[in-house]
Each structure stands twice: as structure tokens, then as C-alpha cells.
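Just add 65 to wherever you are in the sequence shown, counting from 1, and you've got our numbering.
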Amino acid sequence: MPSIKNLEMAAALSACQNITVKKSLFSTKAVYTPTQSSVKPVILEYTPADGEWMEHLLNLPLGKMAAELAQKGKPAVVPIGHYRLEICLSDDHQFCALQLFRFVDFKYASVFEPRFYEGQDVEIIVRLI
């Protein structure tokens, strides 16, 4: 499992007012403050075609995203891809932060700024991953 401190969006996650980052000698942990739920990072990678589809889905309003997911399913994850999705999800599914990156010029470039979801909106994002 990746470490929160190694994520590209680590600074944005630390700046979120509903997240408390606890650092110790060997680890860095994040907690969603309103529910005291642990936040865990996940990194998913996609092919160019599925990455573009993921970008399209993430730019839709949540209602339309849910409808399109129900109709077409979710993008397939690959071991090494041209798109990388960093996700931080609370154990109770009440908080989610995500950011999509595209591999360009031998590095991952941000497609958009980190996005934060809370409450019922997180359930739609969970269906996406």
C-alpha cells in the first residue's frame, strides 16, 4: 500500500481542514476528523483510452457519472499505465480525495487539482474505483 506522504496530492490533503495528519517515526497517517475514520491511499493506473474515459467521468456531475457507470461499467485498471489516479478514502466511506495524472515528458502531470468529496457523494466515487 502506498504511503500518504509519497502521494503527489499529499500537500493538498494535509491542507484540507477535515483531515488530521499524524506523523510518527516510521509512518504518516491521515484521519477524517468528523468521524475519526482512518484515511487510506490507493493508486490506480489506466491505459490511455481508459484514462481519457476516467477523465471524462470525473468531469461529469456526480448524477451523470453514476448513470454512465451503471450503463457502461468502470474503466479497467492495469499494472502500469499512462494515467494514474491517486485516491485517499476513509474507512467509513464518508471522505474521499482524488487527483488524476497523465504521463507526459517522462513524468506524471496533473490533469486537474485535487478534488474532495464527503458524505453520500463518496459512494458514487467508490463505484468508480
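Where is the CB? At the ideal position from N, CA and C, for every residue including glycine.
{"Check": "Which two residues bound the contiguous beta strand (DSSP E) that contains Ala80?", "Outcome": "Note, Ala80: premise wrong, no beta strand (DSSP E); alpha helix (DSSP H) at 75-80."}
{"Check": "What residue does the beta strand (DSSP E) around Pro106 start on, and which one ends it?", "Outcome": "102-111"}
{"Check": "Alpha carbon to alpha carbon, how far is Tyr182 from Gly99? Give it in angstroms, no decimals.", "Outcome": "As written in the sequence, residue 99 is Pro, which differs from the Gly given in the question. Those two C-alpha atoms are separated by around 13 Å."}
{"Check": "On the criterion of 16 or more Cβ atoms from any shown chain inside 10 Å, does Phe160 qualify as buried, or is it exposed?", "Outcome": "buried"}
{"Check": "Within a Cβ cutoff of 6 Å, which residues of the same chain sit near Ile190, ignoring the five residues on either side of it in sequence?", "Outcome": "Cys161, Tyr182"}
{"Check": "Between which two residues does the alpha helix (DSSP H) holding Ala174 run?", "Outcome": "Per DSSP, Ala174 belongs to no alpha helix (DSSP H); it is in the beta strand (DSSP E), 172-175."}
{"Check": "Can you find at least 3 beta carbon pairs, one from the stretch 110-127 and one from the stretch 76-92, that sit closer than 8 Å?", "Outcome": "no"}
{"Check": "Mapping the DSSP letters down to three states, classify Ile69 as helix, strand or coil.", "Outcome": "helix"}
{"Check": "Determine whether the Cβ of Asp156 lies closer than 8 Å to any Cβ atom of chain B.", "Outcome": "This model lacks chain B altogether; it includes just one protein chain."}
{"Check": "When DSSP labels each residue in this structure, what does Gln136 get in the three-state scheme?", "Outcome": "helix"}
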